[in-house]
Every structure is written in structure tokens, then in C-alpha cells.
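*Asks:*
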Amino acid sequence: SIGAGALSTIPNIALIVAAPIVGSLADLPAGRTRVVAGGSLLMLVGYVLLIPAQSVVAICVLSALLGISLAATTAPLMLFAGERFAHRETGRVIALMATAAQIGATLAGVVFGLILSHTGAFQSIWLACAILALIRVIMFVVFFGRGHLLSGKGAPSI
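Going by this note's numbering, the first residue of the sequence shown is number 570, and it counts up by one from there.
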């Protein structure tokens, strides 16, 4: 339906609006780490709150928050890659990250379609997304360490 189509555009609209703002915040001293950490946490919270969400308004608001979380993580994570590896490897690393993202996006439709057809409930998809977001947060904390995140330092170099 047109309503479902319109609803599916909310995260993209939020991402478009938020990207320049979070990009500017990511460029502040110690901003990148905090923006990615905050965006990753926002993603986790958004998916967890979508699980019980019933109202269209709640789903719209949470969809917008998820769009903001994507804005806060997509480009800054690419920047981390550029900062983390030697300049002669930056293009290859970012290309691999973009490839992995496209593989994930391609598989998501199939995997989430299977989950939906098996369970009959979008809540199962939101739960799967919440689990993946939790894994992302855990990996980020392990990679940077709690003290590193609290200090706001950028990506450690290899």
C-alpha cells in the first residue's frame, strides 16, 4: 500500500536530514568515537522499542530514530577505516566495507523475508535487528575499550 511505502521512506528522510549534522559532530575533537557509539546505541534502542510497538506514530518515530542512527554510523565508520589503516590501504578497506554493506543489504531482504514467512510477525525481524545491533555495540566496546570510549579519543591506529 501507499502507506507502507511512505512509512519505509521515513528512515531515509531522517538520514538525509541528520547526516550533515552528525557529520559535523563527528568532525569535532573526539567526536567520531562518540557519534558512532551514540548512533550504535540509538540503533539498539530503536530496534528494541520496535519489538512491542503497536501504534503507527510510535513506528514512525522509531523509524526516524533508526534513520538518524544510520547517519551517525555509516559515514563515521568509513572515516574510522581511513584513520585506522595506512593511507595506501584506505581505498581497499573502504571498498571492502562498502562491499560488505551491500552484501548485507542484499541478504537482508531474503533473510528477513524468511523470518517473516516463518514467524508471521515483524517483531521477529525487529528482534533479529536488535540482536545484530547489540553485537555491533559489543564489538565497538571491545574494539575501543570502555575507557577509550569515555575519553572520546578517535580510532587507535594500527
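Glycine included, every Cβ here is placed at the ideal spot set by N, Cα and C. Keep in mind that this is a model prediction, so the values were computed, not measured.
Alpha carbon to alpha carbon, how far is residue 580 from residue 630? Give it in angstroms, no decimals.
*Replies:* The alpha-carbon atoms of residue 630 and residue 580 are separated by roughly 9 angstroms.
*Asks:* On the three-pair Cβ rule with 8 angstroms, is the segment 600–620 touching the segment 690–699?
*Replies:* Contact between the segment 600–620 and the segment 690–699 is present, because at least three Cβ pairs lie under 8 angstroms.
*Asks:* Smallest Cα separation from residue 612: which of 688, 640 and 593?
*Replies:* Here the closest residue by C-alpha is 640.
*Asks:* Would you mind working out which of 647, 591 and 678 sits nearest residue 668, comparing C-alpha positions?
*Replies:* Cα-wise, what sits closest to residue 668 is 647.
*Asks:* Answer yes if the segment 600–611 comes into contact with the segment 701–709, meaning at least three C-beta pairs across the two stretches below 8 angstroms, and no otherwise.
*Replies:* With a cut-off of 8 angstroms, the segment 600–611 and the segment 701–709 count as touching, because enough Cβ pairs lie within range.
*Asks:* Taking Cβ positions, are residue 605 and residue 645 nearer each other than 8 angstroms?
*Replies:* A contact, by the Cβ cut-off of 8 angstroms.
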